[in-house]
Amino acid sequence: MLTSGVKKVIHRGRMSFLQTGERLFGMLFFGMLFLSMVAHGGPVQGAEKDPSALVNCNIQHTSCTQKLSDTQVVLDITPKPVKAMTDLTFRITLTGKHPEAAPYIDLGMPGMKMGPNRVPLKSLGNGVHEGTGIIVRCPSGKKVWKATVIVPNMGTAEFIFDVIY
Ligand SMILES: [Cu+2]
Numbered sequence: 040m041l042t043s044g045v046k047k048v049i050h051r052g053r054m055s056f057l058q059t060g061e062r063l064f065g066m067l068f069f070g071m072l073f074l075s076m077v078a079h080g081g082p083v084q085g086a087e088k089d090p091s092a093l094v095n096c097n098i099q100h101t102s103c104t105q106k107l108s109d110t111q112v113v114l115d116i117t118p119k120p121v122k123a124m125t126d127l128t129f130r131i132t133l134t135g136k137h138p139e140a141a142p143y144i145d146l147g148m149p150g151m152k153m154g155p156n157r158v159p160l161k162s163l164g165n166g167v168h169e170g171t172g173i174i175v176r177c178p179s180g181k182k183v184w185k186a187t188v189i190v191p192n193m194g195t196a197e198f199i200f201d202v203i204y
């Protein structure tokens, strides 16, 4: 009597455990499905599909200029052609109002989460700032890169350009 009662309880316990397990598995499955949908079909995808449409800087041939409130931000990268996996010199020239601290550059790719890649810049006087950095080769094969120039207390300017692999 007693043992069969205990068995029943164990059996019932097992059943509900199995059901909970199945439910958990289902939730995980749909959770992952949802995540992969977000990862592949989110609003960022537009930029990832055709990043060349976002290019706003012909860095392979010239420097690039953007307006930032009271100043102009000029970016140049040398040597040219600008290649991935080589030491590059980044030069930011600010005309007009000067910031409280030196600007710096965050390198990344449009619509993609790349690892952090910051280029600190040193002032050379007259609004000129320079630093060295490396643009890596993206495993996706995409060659459109983005340099976000952060000018303390003034704002940011985004330069999007093609890099040679
Ligand atoms: Cu990438």
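Going by this note's numbering, the first residue of the sequence shown is number 40, and it counts up by one from there.
Even glycine gets a Cβ: it sits at the ideal position worked out from N, Cα and C.
query                                                                                                              : result
For residue 188 and residue 201, believed in contact at Cβ under 8 angstroms, the rounded distance                 : Not really, about 18 angstroms apart at Cβ, beyond 8 angstroms.
Simplified DSSP state of residue 182, which is helix, strand or coil                                               : coil
Candidates 113, 151, 137, 129: closest to residue 193 by CA position                                               : 137
Element boundaries [alpha helix (DSSP H), containing residue 88]                                                   : 84-88
Top-ranked residue by Cα proximity to residue 151, from 105, 120, 181, 117                                         : 181
Outcome for residue 133 when other beta-carbon atoms lying within 10 angstroms are tallied against a minimum of 16 : buried
By C-beta, the residues closer than 6 angstroms to any heavy atom of ligand 1, given in chain order                : 148, 151, 153, 177, 179, 181
Close beta carbons around residue 122, own chain, < 6 angstroms, minus the five adjacent residues each side        : 203
Whether residue 143 touches residue 160 by CB criterion (7 angstroms)                                              : yes
Any chain C beta carbon closer than 7 angstroms to residue 145                                                     : Absent from the structure is chain C; it holds one protein chain and no more.
Short Cβ contact (7 angstroms threshold) for residue 114 with residue 198                                          : yes
Simplified DSSP assignment, three categories, for residue 196                                                      : strand
Which of helix, strand or coil DSSP assigns to residue 160                                                         : coil
Cβ-based burial, residue 125 [other Cβ within 10 Å; buried from 16]                                                : exposed
Beta strand (DSSP E) runs wholly inside the region 107-144, at least 3 long, in chain order                        : 110-117, 126-135
Buried/exposed call for residue 88, threshold 16 Cβ in 10 Å                                                        : exposed
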